[in-house]
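Residue numbers (my numbering), protein chains in the order written: chain P, 60 to 422; chain X, 25 to 387.
From the three backbone atoms N, C-alpha and C, an ideal C-beta is built for every residue, glycine too.
Keep in mind the model is a prediction, meaning the values are calculated, not measured.
Accompanying notes for the structure given below.
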Amino acid sequence: MAKLVVKKLRKLFGTFEAVKDVSFQVEEKETLCLLGPSGCGKTTTLRMIAGLEVPTSGEILVDGVLVNDVPPQKRQIGLVFQDYAIFPHLSVFENIAYGLKVRKMPDAQIKTKVHETASLVDVESILDVPGKKLGLSEMQRVAIGRSIALDPKLLLLDEPLSNIDAKARERMRAELGKLQKEIGIATVYVTHDQLEAMTLADRIAVMRNGLIEQIGTTSEIYDNARTLFVANFIGSPSMNLIDCELVYGQECAVLKSGDFTFDVTELAKRIGEKPRGKQLVLGMRPENISLNVEKTNPEAMEAEVQLVEPVGAKSIYHIKIAGVTVLAKGYAMPGVNIGSRVWATFNRDKLHLFDKETEEGII
Amino acid sequence: MVGLRLVNISKAAVKKRILKNVSLEVADKEFFVATGPPGAGKTTLLKIIAGLIAPDEGAVYIGDRMVNTVPAGERDVGMVFEVPPLYPNRTGFQNIAFPLEIQKMNADTIRGRVEEVAELLQITHLLDRKPTTYSGGELQRVALARVLVRKPRILLLDEPLKNLDAKIRERTRVELKRLQREFGITMVFSTHDQLEATAVGDRIAVINEGVIEQTGTPQELYNSPKTVFAARFVGSPTMNLTECALKQVGERWVLDASDFNIDLPTLAHEIEREAIASELLLGIRPEDVILLNSPESGRCFEGKVELIQNFGDERVVTTRVGKTSLNSLTGKERVFTYGQKVYVKFNEEKAHLFYKKTGISVM
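In structure tokens form, the structure reads like this:
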């Protein structure tokens with residue numbers, strides 16, 4: 060049985076429809092990420108699950124029980140906020156024990172529970188340290204510990220890594236990932252950072268304008284984006300998107316954008332079968348464009364390098380092919396710089412094609 | 025030609041030194057980046073160059089001229105802040121034109137200059153609107169235009185992309201780099217994000233607690249870090265670092281990290297006498313940690329998969345070998361499961377070695 064079921068959830072603020080029609084499930088031990096730009100309705104959805112907002116319509120079931128009318132503190136849901144909300148003057152022990160005391164658990168039992176939790180989130184050695192002296196990653200662990208000490212059925216995390224600088228975020232992301240695996244509680248995680256969603260979630264629900272645009276495993280979302288929005292939002296650098304038209308020649312078919320052409324004869328039948336408008340968008344992820352200093356295959360297209368962005372062992376090459384600028388990502392090529400001639404090959408197995416008007420994927 | 029030169033700059037605040045003996049040279053028309061964690065001293069450095077803060081010690085040269093006593097307004101330096109202060113009651117045009125009006129330039133020249141810079145930054149459509157209607161990205165571009173319109177000799181940008189959404193940040197950093205090249209501006213840019221730093225910078229200074237750890241091109245910083253801090257700061261996922269000892273085994277010199285060991289890289293052979301008595305840190309980049317499904321001839325070590333992070337085009341797999349966790353970067357085609365037994369092999373020639381005590385590279 061699913062730990063959390065959300066059915067046709069809707070929320071109006073005055074006349075503004077923040078959440079329009081959202082349904083999804085979270086299975087036991089699963090982490091589902093609600094991902095989208097600001098204003099997409101992800102936080103409102105989370106707040107309704109927590110009981111901090113009342114849905115206009117729709118149902119929320121935790122462990123099969125309808126909780127729409129259950130007050131937040133009785134929903135058995137743990138909520139971890141963006142700033143962690145650690146009590147600065149209380150020790151780590153007291154922070155974790157806080158919720159248990161509120162529930163009037165006997166002291167001896169609280170002690171056992173806090174130690175048990177502390178060992179799980181690895182804060183046993185700092186139980187006496189006051190909240191204000193904690194580092195970021197300790198605060199994160201204490202905040203999660205405080206939530207899970209109450210044995211919640213579900214854990215909700217609201218952008219827990221968004222205020223942290225890039226390097227620390229990388230470390231805390233990995234720590235959070237390990238912690239989630241150890242705790243094994245069903246989790247809903249809200250973020251606007253696609254990389255955070257990709258690395259932490261089992262499944263992602265990409266939200267836009269109060270609706271879920273696509274829901275699936277991280278690989279499904281990355282490899283088989285069903286709409287232009289998802290294709291563009293997931294992945295860094297973004298997928299190359301080239302406006303084009305399908306043009307038939309004698310026994311061949313090409314996608315054409317000005318002087319740029321890409322042979323799709325083999326795919327023409329598949330494309331032809333789908334209902335679509337005239338304007339199409341060709342999608343190709345930067346890592347699926349390989350560059351070479353020589354023409355190593357007949358399909359390679361001549362290109363000029365316009366900009367090189369070194370990112371570790373790899374580089375992002377901004378190249379111009381027949382008037383169209385695209386990004387290619389691959390291992391750094393010594394000697395290739397701005398102005399260099401290179402040969403670019405698109406991996407045709409990884410081709411995406413969208414209808415420009417409906418924004419729906421065609422292949 | 026030298027655009028900017030700092031000699032032994034130091035600055036202290038109450039009870040704390042913010043910058044310690046910082047010296048650097050920025051070539052004319054160079055894109056120079058100061059990167060480091062929050063609190064490293066980046067903003068102070070920029071403000072000293074701009075003349076907004078006076079250093080306690082040291083000298084600032086712009087071109088050949090020492091400018092320590094030259095007031096900010098006469099240094100021919102423009103600075104864009106993290107949160108750009110624009111006049112809310114004036115249109116984009118009036119905001120951008122303001123610095124020229126102060127110089128009592130005639131109206132036609134002002135109009136020409138403003139329109140030129142607006143076109144370059146693609147903000148012509150914002151000229152008639154007021155800042156309250158701008159998005160974060162638009163605000164940054166208008167603020168940048170207001171500084172660029174003066175055609176300063178040196179442009180300072182203090183974390184200009186920090187408050188932008190990930191997607192807009194990616195695009196804006198490319199625009200900035202193009203602009204810097206087209207205008208031929210000498211630019212000093214600060215960021216806490218190492219990826220942003222290597223992507224845009226011709227040369228980069230890695231700053232830690234007021235001290236420059238290393239200055240170099242993105243490739244130099246990535247391939248030959250001079251200190252543990254630089255090694256750890258540059259590159260994502262972070263370099264694996266493990267304590268180790270140098271030992272002679274028969275004819276070979278081996279770096280023994282207790283849970284695993286590798287041959288001493290050829291590069292490090294000359295220093296072995298000094299290193300043998302020292303505590304060392306062995307550094308291996310995640311792409312140089314190779315995971316095998318079954319043991320191979322040669323050296324490999326058994327481990328267990330502890331965490332899998334999906335980065336879209338690649339995966340970061342954390343493997344536990346004994347008590348050591350090692351990150352490795354693998355292609356997305358490889359499938360791993362939690363707890364899976366794997367064998368770890370290293371690109372031994374790519375290993376880095378540091379003295380543990382000083383944090384300085386052995387090589």
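| Item | Value |
| --- | --- |
| Taking the CB atoms as reference points, tell me whether P:Q338 and P:K415 lie closer together than 8 angstroms. | yes |
| Pick out the complete beta strand (DSSP E) segments inside the segment 100-127 of chain X, 3 residues or longer, and give them in chain order. | 101-104 |
| Could you please give the first and the last residue of the uninterrupted beta strand (DSSP E) stretch that includes P:G389? | V383 to Y390 |
| Thinking P:C311 and P:T324 are a contact (beta carbons under 8 angstroms), I'd like their distance in whole angstroms, please. | 5 angstroms |
| Sort out for me which residues DSSP pairs X:N334 with in a bridge. | X:R339 |
| In chain order, what residues of the same chain lie with their CB nearer than 7 angstroms to the CB of X:I72, ignoring the 5 residues before and after it? | I33, K35, P79 and V84 |
| I'd like to confirm the pairing. Which residues does DSSP put opposite P:D414 in its beta bridges? | P:L339 |
| In this structure, how does DSSP classify X:I147 when only helix, strand and coil are distinguished? | coil |
| Name the chain P residues whose beta carbon is nearer than 7 angstroms to that of X:H216? | D224 and A225 |
| When you compare the CB of P:V383 with every CB in chain X, is at least one pair closer than 8 angstroms? | no |
| Can you tell me whether X:E298 is buried or exposed? The criterion is at least 16 other CB atoms within 10 Å of its CB, across all chains shown. | exposed |
| Could one say the Cβ of X:V198 lies closer than 8 angstroms to chain P's Cβ atoms, at least one of them? | yes |
| Measuring straight from C-alpha to C-alpha, what distance separates X:A269 and X:L304? | 6 angstroms |
| By a C-beta neighbour count over all protein chains shown, 10 Å radius and 16 as the cutoff for buried, is X:M90 buried or exposed? | exposed |
| Determine the contact status of X:F325 and X:V368, defining contact as a CB-CB distance below 8 angstroms. | yes |
| Which runs of the beta strand (DSSP E) fall wholly inside the segment 89-125 of chain P and span at least 3 residues, in chain order? | 90-94 and 116-121 |
| So what does DSSP say about P:G204, is it helix, strand or coil? | helix |
| With X:E199 as the anchor, note down where its alpha helix (DSSP H) starts and where it stops. | A190 to F207 |
| Is it true that the segment 218-234 of chain X meets the segment 339-352 of chain P, where meeting means three or more beta-carbon pairs spaced less than 8 angstroms apart? | no |
| Straight-line CA distance for P:A256 to X:G116? | 37 angstroms |
| Tell me which same chain residues have a C-beta within less than 6 angstroms of the C-beta of P:A381, skipping the five on either side of it? | D318 and F319 |
| Interface residues of chain P around X:L331 at Cβ under 8 angstroms? | A233, G236, K237 and K240 |
| Which residues in chain X sit within 9 angstroms of P:R344, going by Cβ to Cβ distance? | G336 and D337 |
| In this structure, does DSSP put P:Y157 in helix, strand or coil? | helix |
| Would you please state the rounded distance, in angstroms, between the beta carbons of X:N247 and X:L350? I believe it to be under 8 angstroms. | With 8 angstroms as the limit, X:N247 and X:L350 do not qualify as a contact, their Cβ atoms being about 20 angstroms apart. |
| Mind listing which residues of the segment 262-279 of chain P have their C-beta closer than 8 angstroms to chain X's C-betas, in chain order? | T277 and S278 |
| Could you tell me the distance, in whole angstroms, from the CA atom of X:S385 to the CA atom of X:E244? | 13 angstroms |
| Near X:R29, which residues of its chain fall below 6 angstroms by C-beta distance, leaving aside the five closest residues on each side in sequence? | E49 and Y85 |
| Can at least three beta-carbon pairs, one atom from the segment 267-275 of chain P and one from the segment 242-250 of chain P, be found at a separation below 8 angstroms? | no |
| Among P:G371, P:S116, P:P357 and P:I301, whose alpha-carbon lies nearest the alpha-carbon of P:R344? | P:I301 |
| Indicate whether at least one CB of chain P lies closer than 8 angstroms to the CB of X:S352. | no |
| Using a Cβ cut-off of 8 angstroms (strictly closer), state whether X:E294 contacts chain P. | no |
| Is it right to say P:F321 is buried, meaning 16 or more other beta carbons lie within 10 angstroms of its own, or is it exposed? | buried |
| In chain X, which residues lie with their C-beta within 7 angstroms of the C-beta of P:D252? | A190 |
| Report buried or exposed for X:E338, applying the criterion of at least 16 other Cβ atoms within 10 angstroms of its Cβ. | buried |
| So, under 8 angstroms CB-CB, P:R200 and P:V180 are touching, yes? Tell me the CB distance rounded to an integer number of Å. | 4 angstroms |
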